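In our numbering, the protein residues as written are 103 to 502.
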């Protein structure tokens with residue numbers, strides 16, 4: 103069966119799109135831009151293949167579809183800016199095979215202006231076609247919730263180079279979701295993703311600062327949040343944690359506009375301090391119980407960036423482990439999703455038996471409450487437990 107859709111990039115954005123497409127009956131070819139394709143388990147791949155999906159390393163396949171969606175990752179580079187290298191490579195690969203009347207959509211997180219100023223010239227030069235006349239060009243921010251339990255397709259925002267581009271992209275996404283929202287143009291659609299990502303980081307920063315202040319005041323922040331979220335309007339509950347991971351990188355637009363987003367810059371500073379704060383709290387707890395961080399056995403539970411996922415992108419566990427090691431602690435970990443873990447180019451010992459390891463450790467740090475963890479049992483077995491997620495029963499552990 104010929105493919106109707108090409109998904110270029112099979113990481114956190116492309117894979118969910120490919121899965122949704124084949125579930126909707128759209129024959130799909132997946133083209134990997136990097137090693138992220140390994141996130142497909144053999145069982146998942148078999149299921150998807152049985153419903154119209156195939157993996158391909160042949161760029162020629164990209165020229166045989168009606169819709170091509172670029173979902174390449176854009177991680178933060180060493181300079182703090184988004185690294186668009188994989189998006190550029192994907193665009194060049196597609197450009198050489200692009201046919202007239204194809205709809206090209208970018209879903210990767212980018213800054214406003216990227217689709218028109220970066221993607222469009224690459225596609226036009228490589229294909230000899232003109233966007234808006236010979237092929238459709240649009241942007242749609244990915245709205246995946248990795249590991250989320252609500253599988254209802256989220257409304258899709260579409261912004262095209264021209265009204266016809268918008269409508270062509272809207273027709274495609276209308277096959278995947280009941281609601282398509284049309285933005286005024288490419289830059290508006292790109293900025294939707296920027297606002298959504300920054301909204302998350304700013305609100306997490308606020309509640310992370312509240313966690314530090316409430317601890318000093320002797321206030322139970324978790325109870326405060328429980329009560330506050332009963333407000334029927336004007337409040338959305340966010341919860342503190344040891345840091346912010348994931349693939350959504352906040353951007354303050356410094357260097358891209360006459361003034362940056364100062365609140366976003368401050369939020370980044372707050373969130374980036376949280377691993378250090380967690381280690382401070384850990385060392386203080388050990389001292390309160392007559393132990394020093396130097397030589398202490400510390401067990402880290404859950405080293406992924408989100409519960410019930412195997413993804414470690416930006417997870418604060420790495421920095422926490424480094425800081426604990428610098429204090430002289432002996433660090434081990436347990437995570438049902440991570441069979442091996444390296445920090446500072448050294449393997450971190452993995453605990454085989456969770457309860458035995460917690461009982462033997464001077465301090466257990468709960469960083470991600472994976473569903474497989476029996477937190478009530480864990481709180482009984484652990485000598486000393488610091489819960490950074492507020493997941494344990496009230497009074498069962500020390501909370502962030």
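For each residue, glycine too, the CB sits at the ideal point set by N, CA and C.
Please read these numbers as outputs of a predicted model, since none were measured by experiment.
For residue i, which three-state DSSP category applies?
i           : result
residue 444 : strand
residue 303 : helix
residue 224 : helix
residue 200 : coil
residue 487 : strand
residue 259 : strand
residue 465 : strand
residue 118 : helix
residue 192 : helix
residue 411 : coil
residue 205 : strand
residue 184 : strand
residue 289 : helix
When the Cα of residue i is compared with those of the options, which residue comes out closest?
i           : options               : result
residue 394 : 465, 409 and 333      : 465
residue 384 : 431, 277 and 218      : 431
residue 290 : 196, 262 and 365      : 262
residue 153 : 132, 126 and 175      : 126
residue 370 : 319, 389, 303 and 259 : 303
residue 472 : 365, 437, 122 and 402 : 437
residue 46  : 132, 447 and 467      : Only positions 103 to 502 of the chain appear in the structure, and residue 46 is not among them; the question remains open.
residue 230 : 200, 106 and 213      : 200
residue 265 : 237, 114 and 280      : 237
residue 425 : 441, 453 and 396      : 396
residue 409 : 241, 176, 132 and 247 : 247
residue 325 : 312, 105, 215 and 184 : 312
residue 382 : 413, 347, 368 and 421 : 421
residue 233 : 243, 244, 242 and 219 : 219
residue 484 : 491, 500, 474 and 496 : 500
residue 457 : 474, 284 and 275      : 474
residue 400 : 433, 107, 285 and 329 : 433
residue 120 : 391, 157 and 498      : 157
residue 278 : 221, 254, 288 and 286 : 254
residue 50  : 205, 340 and 149      : Because the chain in this structure spans residues 103 to 502, residue 50 falls outside the shown range and cannot be described.
residue 283 : 257, 308, 299 and 305 : 257
residue 366 : 378, 351 and 181      : 351
residue 297 : 243, 155 and 319      : 243
residue 391 : 440, 202 and 488      : 488
residue 162 : 273, 181, 259 and 194 : 194
residue 191 : 228, 180 and 317      : 228
residue 203 : 215, 168, 319 and 449 : 168
residue 274 : 128, 111, 439 and 225 : 128
Taking the continuous alpha helix (DSSP H) assigned at residue i, which residues delimit it?
i           : result
residue 378 : 364-390
residue 273 : 265-275
residue 422 : 419-428
residue 469 : Segment: none, residue 469 is in no alpha helix (DSSP H) and carries neither H nor E.
residue 479 : 477-483
residue 398 : It is not in any alpha helix (DSSP H) - residue 398 carries neither H nor E in the DSSP assignment.
residue 456 : 456-462
In terms of residues, what are the limits of the beta strand (DSSP E) holding residue i?
i           : result
residue 518 : What the structure shows of the chain is the stretch from 103 to 502, and residue 518 is not part of that stretch, so it cannot be assessed.
residue 71  : No statement about residue 71 is possible, as the shown extent of the chain runs from 103 to 502 and does not include it.
residue 212 : Looking at the DSSP string, residue 212 is not in any beta strand (DSSP E), and its letter there is neither H nor E.
residue 107 : 107-110
residue 284 : 282-284
Report, in whole angstroms, the separation of the C-beta atoms of residue i and residue j, which I expect to be a contact under 8 Å.
i           : j           : result
residue 493 : residue 477 : 6 Å
residue 170 : residue 189 : 13 Å between Cβ atoms; not a contact.
residue 469 : residue 404 : 5 Å
residue 295 : residue 211 : 6 Å
residue 486 : residue 387 : 6 Å
residue 207 : residue 122 : Actually they are not in contact, since the Cβ atoms of residue 207 and residue 122 sit about 14 Å apart, beyond 8 Å.
residue 376 : residue 345 : 5 Å
Is any beta-carbon of chain B found at less than 8 Å from that of residue i?
i           : result
residue 430 : Annotation note: the requested chain B is absent from the structure, which comprises a single protein chain.
(request) Could I get the ranges of all uninterrupted alpha helix (DSSP H) runs contained in the stretch 123-181, with 4 residues as the minimum, in chain order? (result) 144-151
(request) Write down every uninterrupted run of the alpha helix (DSSP H) in the stretch 291-346 whose length is 4 residues or greater and which is fully enclosed by it, in chain order. (result) 323-330
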